[in-house]
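Participant: Can you read through this structure? Questions will come right after.
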Amino acid sequence: MSEVIKALEAIVGQEDVVLETSVRAQKAVDLYALRLYQKHVGWEATLPQAVVRPKDTDEVSKVLQLCNERGVPVIPYGGGSGVLAGAETRDERTVVIDLARINRLINVDEISLQVTCGAGMLIRDLEAIVQERGFKLGHYPQSMDLAQMGGLVATRSTGQFSTGYGAIEDFLVGLEAVLADGTVVRINNVPRRATGPDLRHLFLGSEGAFAVITEVTVKMFPIPETTWKHAYRVKTMRQGLEIIRLVMKTGIKPAVVRLHDWLECEKPYGAFMEENESLLLFWSEGRKEIAEAEGAIIDEIAKANGAVSAGEKPLDLWYVHRNDAADEYEKYGANGILVDTLEVAADWNVIADIYEKTVERVYYEVPEVVFFSGHSSHSYINGTNIYFQLGAFPPPDVDEAQRVYEAVWGIVVEVALEHGGSMGHHHGVGKHRVRWMEKEHGSSYALMESLKRVFDPNGIMNPGSLIEL
Amino acid sequence: MRIVTCVKQVPDERNMATDPVTGSLMRDTAGSIPNPDDACALAMARATSESLNGQVQSLDAITMGPRQSRSSLRQALSYGFDNAYQLTDSRFAGSDVLTTSHALALAIEKTGGAELVFCGEKSADGDTGQVPAELSVLLGAAFLPFVTEIIDADRDAITVRSKMDDVEYVIESSLPAVIQVKAGAVKSAPASFRDRIEALKKPIAVLSAEDLSSEMLFGYRHSPTRVRKMIAPVRTRVPSVYSGDDALTQFRQILEESENTDDLSADSPRLRSYARQVRETDTCCDQVPDEPVAVYVEAHKKGFQNGLELLSRLQACGAKTIYAVTLVPGDHASSDESMERVLSETVGEELYLSLLRSVDALTIMEASRAAVTTEECAYRLSRYLEKRRVGLCLLSATDHGRTVGPLVAGTLKTGITADVTDLRYVSDQWEQVRPAYGGQVFATIVTPEHRPVMATVRPRIFAVDLHDDGRGVVAVERAQDMENRRTKILSMKTCERETTIEEAKRLLILGGAITTEEERDRLIAFAKRHELEWGVTRALVQGYLAPHGRQIGVSGLSVAPNLAILVGVSGSVQTMSGLRRAEKIVAINRDEGAPVFDNVDIAFIGQWQDYIESLS
Numbered sequence: 124m125s126e127v128i129k130a131l132e133a134i135v136g137q138e139d140v141v142l143e144t145s146v147r148a149q150k151a152v153d154l155y156a157l158r159l160y161q162k163h164v165g166w167e168a169t170l171p172q173a174v175v176r177p178k179d180t181d182e183v184s185k186v187l188q189l190c191n192e193r194g195v196p197v198i199p200y201g202g203g204s205g206v207l208a209g210a211e212t213r214d215e216r217t218v219v220i221d222l223a224r225i226n227r228l229i230n231v232d233e234i235s236l237q238v239t240c241g242a243g244m245l246i247r248d249l250e251a252i253v254q255e256r257g258f259k260l261g262h263y264p265q266s267m268d269l270a271q272m273g274g275l276v277a278t279r280s281t282g283q284f285s286t287g288y289g290a291i292e293d294f295l296v297g298l299e300a301v302l303a304d305g306t307v308v309r310i311n312n313v314p315r316r317a318t319g320p321d322l323r324h325l326f327l328g329s330e331g332a333f334a335v336i337t338e339v340t341v342k343m344f345p346i347p348e349t350t351w352k353h354a355y356r357v358k359t360m361r362q363g364l365e366i367i368r369l370v371m372k373t374g375i376k377p378a379v380v381r382l383h384d385w386l387e388c389e390k391p392y393g394a395f396m397e398e399n400e401s402l403l404l405f406w407s408e409g410r411k412e413i414a415e416a417e418g419a420i421i422d423e424i425a426k427a428n429g430a431v432s433a434g435e436k437p438l439d440l441w442y443v444h445r446n447d448a449a450d451e452y453e454k455y456g457a458n459g460i461l462v463d464t465l466e467v468a469a470d471w472n473v474i475a476d477i478y479e480k481t482v483e484r485v486y487y488e489v490p491e492v493v494f495f496s497g498h499s500s501h502s503y504i505n506g507t508n509i510y511f512q513l514g515a516f517p518p519p520d521v522d523e524a525q526r527v528y529e530a531v532w533g534i535v536v537e538v539a540l541e542h543g544g545s546m547g548h549h550h551g552v553g554k555h556r557v558r559w560m561e562k563e564h565g566s567s568y569a570l571m572e573s574l575k576r577v578f579d580p581n582g583i584m585n586p587g588s589l590i591e592l
Numbered sequence: 021m022r023i024v025t026c027v028k029q030v031p032d033e034r035n036m037a038t039d040p041v042t043g044s045l046m047r048d049t050a051g052s053i054p055n056p057d058d059a060c061a062l063a064m065a066r067a068t069s070e071s072l073n074g075q076v077q078s079l080d081a082i083t084m085g086p087r088q089s090r091s092s093l094r095q096a097l098s099y100g101f102d103n104a105y106q107l108t109d110s111r112f113a114g115s116d117v118l119t120t121s122h123a124l125a126l127a128i129e130k131t132g133g134a135e136l137v138f139c140g141e142k143s144a145d146g147d148t149g150q151v152p153a154e155l156s157v158l159l160g161a162a163f164l165p166f167v168t169e170i171i172d173a174d175r176d177a178i179t180v181r182s183k184m185d186d187v188e189y190v191i192e193s194s195l196p197a198v199i200q201v202k203a204g205a206v207k208s209a210p211a212s213f214r215d216r217i218e219a220l221k222k223p224i225a226v227l228s229a230e231d232l233s234s235e236m237l238f239g240y241r242h243s244p245t246r247v248r249k250m251i252a253p254v255r256t257r258v259p260s261v262y263s264g265d266d267a268l269t270q271f272r273q274i275l276e277e278s279e280n281t282d283d284l285s286a287d288s289p290r291l292r293s294y295a296r297q298v299r300e301t302d303t304c305c306d307q308v309p310d311e312p313v314a315v316y317v318e319a320h321k322k323g324f325q326n327g328l329e330l331l332s333r334l335q336a337c338g339a340k341t342i343y344a345v346t347l348v349p350g351d352h353a354s355s356d357e358s359m360e361r362v363l364s365e366t367v368g369e370e371l372y373l374s375l376l377r378s379v380d381a382l383t384i385m386e387a388s389r390a391a392v393t394t395e396e397c398a399y400r401l402s403r404y405l406e407k408r409r410v411g412l413c414l415l416s417a418t419d420h421g422r423t424v425g426p427l428v429a430g431t432l433k434t435g436i437t438a439d440v441t442d443l444r445y446v447s448d449q450w451e452q453v454r455p456a457y458g459g460q461v462f463a464t465i466v467t468p469e470h471r472p473v474m475a476t477v478r479p480r481i482f483a484v485d486l487h488d489d490g491r492g493v494v495a496v497e498r499a500q501d502m503e504n505r506r507t508k509i510l511s512m513k514t515c516e517r518e519t520t521i522e523e524a525k526r527l528l529i530l531g532g533a534i535t536t537e538e539e540r541d542r543l544i545a546f547a548k549r550h551e552l553e554w555g556v557t558r559a560l561v562q563g564y565l566a567p568h569g570r571q572i573g574v575s576g577l578s579v580a581p582n583l584a585i586l587v588g589v590s591g592s593v594q595t596m597s598g599l600r601r602a603e604k605i606v607a608i609n610r611d612e613g614a615p616v617f618d619n620v621d622i623a624f625i626g627q628w629q630d631y632i633e634s635l636s
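As given, the protein sequences belong to chains A and B, one line each in that order.
If you want my numbering, it's the 1-based position in the first sequence plus 123.
If you want my numbering, it's the 1-based position in the second sequence plus 20.
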């Protein structure tokens, strides 16, 4: 047994340094789409040397200190629901730090509407805890069943109700994290401060490359009194995007604002639409007067701009089935289908161009693709995202799958960047998107590298994620 | 030459909401998808068209359905079909087999006729598989059922391989012909994104009722069959529920016990299930009218066994005049007596006499050839039913019966109900009960004005319980010349039975939650280790993870094992009907609200993997 293992055992106890192959294999990967396919055609994971399960911040600190001194790579592991290989082990010396045990509920503040918990708390469990007291988190990613609170902060998550409630950066109030050398830092909970740059943003989206988050405080909201929901048919995605822009321009923030293209609608909502149309889904919630007023504004704008009512039912279907894809994700690969989702964001003046150009290029350039669709699902006053969904039948081979995968990704990233958009709206960077980070950030990319050097001078923190090796 | 493929949209069951009050499915909330079996028909039609090397002028697709339901036609266009036609009109709504076939036949003729028509085996929602046969009758075309391969095709004739009831036939046919493609016979790659986008740009021609005919014999109003009522399934089992570690121990015990049970003990499970069956049949029946009823019996051992089940049911209903009719190969009989003797030898004397004693008359018809085509069966049976003025005709829902039945119904322009699970005479009508709406409820179907009422019944739905009160008169009909013979059997060969499911005492049944080959293989390995036979629900057959021969349920097999273990089975009526006579039903499902738990003896809540692992 190696010396590192012995030292780890001295910190967390023998039981919580797991060497068992099945556990190491499980924590060696996440839901990186390419692997979900490749693992069925011969790809094999690199296993970490151990999975450690610290019970508190102090143990995390000691583990990091040890690894930092010995130059052992570490990967903090949350719910494992990342889709870009952020938690994938690529170096067999790696020690995975599983945060699942640091899941204590620390405080529910019903006066200031905020809740504090350990980073390993499942968001599903935290939602249940606050629901019992008449509140909700307002953060509903598709990974709801798997994701942990710390992981959501570390990956700059967003949720299906983000247009109304905001994304993780809007929820996060304060946190505790451990730096590579074992130093524990805390950011206290306040409504706002103007005392220099907002340090929370050094951890939001840090993806384990800067620090290990061990505790978070997030906002919560009263359970809404009422819901207003309605679907509208539009002829084109461009028309639908324009309606969303006009709605956002009024300053209202409906909880859910979505626009799906025809290929995506055909199966679930085809009965409510004409062929080749796109479907707008709006959902407002909160105080009755407000939700209804928002609804009236939406209805007026939609109809004035050529949208046709498709009733409430599509929203009910969407709500019931919105996370089905997450359950089926693992199945596609086993059935020989390469499936992925690719999300970009851009300003209103270019987003329709990005959608159209991307679809057109995939159409002409990648013959293995059998499905490619897009929707807008997170809107802002200045722009929105497009979430592309890919289905392809590559030849059953590790390299062939990679070739098809890269071809589609290349197009999506290139089109987004050449229009001045962002290649990543909410899935993070992981080890997949790193190659385009310099292009994404341009002249400010140097700061990203500087931050990495400051936080992680020995290069042990999730190497290869966020910054290319 | 023109090739037409008939396709259908079916509701996406996954998206179907359930009415919170009635528990029935709300179809209008569901999106629709192309019927899975139709993909095979499209692929085979395209391949046939290609093999005909430029002789095909147009390869077209036709559907009937609501205007929004076009994805099946788009699928055809994305596969390179030339033209797509959609029959859409409120006057088509509620069409049954006959009126649907009528509309499709007119549409095919109006758009230029067709030498070859391809259809999928059956639709996932109606699940009857009767339209292709009736369509062939109305088109005056030959019918080729359960086709697995096109061997040869030219301008005037086609030769196909077909597999029915474990027999593989090579059949030659004149054109025009309707080809019912056996589910899973062709596995086609999905169309590319490019082809799908291109397909969206092609036009779809819309045809209304007026475009087809001025007579307007369409829709529910002109359909021979009517839905009298919908009934929620009766709950006959109340489960003991287990979860957690307790459950694993309990599961192991049940499995071990069943391994050691001697099923010939005095208190035989079969006796008990028989008693249950009798209780069910007690819920009969008004006074049955005088008109004769008939059972078409296939001229082999199993056919007679199935026939006895149907005759038992007719006796229990109180039918007054009961006939049986069978068709024997026409090669060796020199006299009426020798025909009778050959039949008796073929099926065994005991079976032959049991049948004879329970009917008023048995008609033995002689076929014109040694290899009997379904075409000839249908021809002879139609004439028999007309001549004898039969009021009700039952057939076993074997592949053979499911082919002959609709061919006859189409010829006599009457109604037919597929796969009925119960039959009784109530309020002046024969009520035929079958699962509907994806198997969530039972529909009671009547055929008020047309005669004979026709139905196919799955083997093993009714128990054999006969009294010998028939007169047992034997009538022999010698071979007749058939005008217009279209099909000819070139060769036939009995295939090895794929499974022994029907006889199995201990069964493992895989449900829709099993979606990958890996999971399936893991469960099969488990079944092998514990000497369980394995079957599946419809979802796996549709997903091409298992052959139809292993499907349990209304459109598959009815079984009567001592122990059935259901893994990841949702519990639709469609599936559970096939298990009605099982002695003990055990279900494992992670969803404690799964409908399957309403109708099993023991419920295990949890991941099936845990249960399988606990035993390995």
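For each residue, glycine too, the CB sits at the ideal point set by N, CA and C.
1. Tell me, please, whether the segment 387 to 397 of chain A touches the segment 333 to 342 of chain A by the rule of three or more beta-carbon pairs shorter than 8 Å.
2. Restricting to Cα atoms, I'd like to know which of B/K433, B/T431, B/A475 and B/L432 is closest to B/E8.
3. May I ask you to list the residues that DSSP assigns as paired with B/A504?
4. Select from the segment 180 to 213 of chain B all residues with a C-beta closer than 8 Å to any C-beta belonging to chain A, and list them in chain order.
5. Could you give the distance in angstroms between the alpha-carbon of A/E132 and the alpha-carbon of A/E138?
6. Output yes if chain A places a C-beta closer than 8 Å to the C-beta of B/L220; else output no.
7. When we look at the beta-carbon of A/N191 and count the other beta-carbons within 10 Å, is it buried (16 or more) or exposed?
8. DSSP puts B/G555 in a beta bridge; with which residues?
9. So A/L170 packs on A/G202, CB below 8 Å; how close in whole Å?
10. Which of helix, strand or coil does DSSP assign to B/S402?
11. With DSSP as the reference, please indicate the residues paired to A/F344 in a beta bridge.
12. So A/S407 packs on A/W351, CB below 8 Å; how close in whole Å?
13. Could you say which of B/P196, B/S193 and B/D145 lies nearest to B/A456 if we only look at CA atoms?
14. In chain B, which residues lie with their C-beta within 7 Å of the C-beta of A/G393?
15. For chain A, is any of its Cβ atoms less than 8 Å away from the one on B/E538?
16. Could you pull out every unbroken beta strand (DSSP E) segment of at least 3 residues lying fully inside the segment 313 to 346 of chain B, listed in chain order?
17. For the beta strand (DSSP E) holding A/E523, just list the boundary residues, first then last.
18. Under DSSP, the alpha helix (DSSP H) around B/L232 begins and ends at which residues?
19. Roughly how many angstroms lie between the CA atoms of B/K321 and A/R247, to the nearest whole one?
20. Provide the residue(s) that pair with B/L159 in DSSP beta bridges, ordered along the chain.
21. Can you tell me which of the three DSSP states B/L427 falls into?
22. Please report whether the beta-carbon of B/T83 lies at a distance below 8 Å from any beta-carbon of chain A.
23. Looking at C-beta atoms only, is the number of pairs between the segment 147 to 167 of chain A and the segment 177 to 196 of chain A that lie closer than 8 Å three or more?
24. Find the nearest neighbour of B/R87 within the set A/P347, A/M396, A/A378 and A/E182, judged by alpha-carbon distance.
25. Does DSSP classify A/I477 as helix, strand or coil?
26. Going by DSSP in three states, A/W406 sits in which element: helix, strand or coil?
27. So the beta strand (DSSP E) A/P297 belongs to, where does it begin and stop?
28. For the segment 326 to 333 of chain B and the segment 483 to 491 of chain B, state whether three or more C-beta atom pairs, one from each stretch, are separated by less than 8 Å.
29. Could you check the C-alpha separation between B/R540 and B/L530 for me, to the nearest Å?
30. Residues in its own chain within less than 6 Å of B/D147 by CB, not counting five upstream and five downstream?
31. On the DSSP bridge list, what partners appear for B/W450?
Facilitator: So, from the listed chains and residues:
1. Fewer than three Cβ pairs drawn from the segment 387 to 397 of chain A and the segment 333 to 342 of chain A lie within less than 8 Å of each other, which leaves the two stretches out of contact.
2. The displayed coordinates of chain B run from 21 to 636. Any statement about residue 8 of chain B would go beyond what the structure contains.
3. Here residue 504 of chain B turns out to be Asn, not Ala, going by the sequence shown. Bridge partners of B/N504: none, in fact.
4. Residues of the segment 180 to 213 of chain B with a C-beta atom less than 8 Å from some C-beta of chain A are A209, P210, A211, S212 and F213, listed in chain order.
5. Rounded to the nearest angstrom, the two C-alpha atoms are 8 Å apart.
6. Interface residue, yes.
7. Buried: at least 16 other Cβ atoms inside 10 Å.
8. According to DSSP, B/G555 bridges with B/I529.
9. A/G202 and A/L170 do not touch by the CB rule: their CB atoms are close to 19 Å apart, not below 8 Å.
10. Reduced to three states, the DSSP call for B/S402 is helix.
11. Paired residues: A/K259.
12. Rounded to whole angstroms, the Cβ separation of A/S407 and A/W351 is 4 Å, and the two are in contact under 8 Å.
13. It is B/D145 whose Cα lies nearest to the Cα of B/A456.
14. What A/G393 touches in chain B: G51, S52, Q88 and S91.
15. Interface criterion met: the Cβ of B/E538 is under 8 Å from a Cβ in chain A.
16. Fully contained in the segment 313 to 346 of chain B are the following beta strand (DSSP E) runs of length 3 or more, in chain order: 313 to 316.
17. Counted as a single uninterrupted DSSP element, the stretch harbouring A/E523 is not any beta strand (DSSP E) but the alpha helix (DSSP H) occupying residues V521 to E541.
18. A229 to L232 is the extent of the alpha helix (DSSP H) around B/L232.
19. Straight-line Cα distance between these residues: approximately 60 Å.
20. Bridge pairing for B/L159: absent [DSSP].
21. Helix, per DSSP.
22. B/T83 has a beta carbon lying at 8 Å or more from every beta carbon in chain A.
23. Contact fails: fewer than three Cβ-Cβ distances are below 8 Å.
24. For B/R87, the nearest C-alpha among the options comes from A/M396.
25. Note: A/I477 maps to helix in three-state DSSP.
26. DSSP places A/W406 in strand when its eight states are reduced to three.
27. The amino acid at residue 297 of chain A is misidentified as Pro; the sequence shows Gly. If you look at A/G297, you'll find it in the beta strand (DSSP E) that goes L295 to L302.
28. Touching, yes.
29. When the Cα atoms are used, B/R540 and B/L530 turn out to be separated by approximately 8 Å.
30. So the list reads S575, once near-sequence residues are dropped.
31. Answer is B/Y445, bridged to B/W450.
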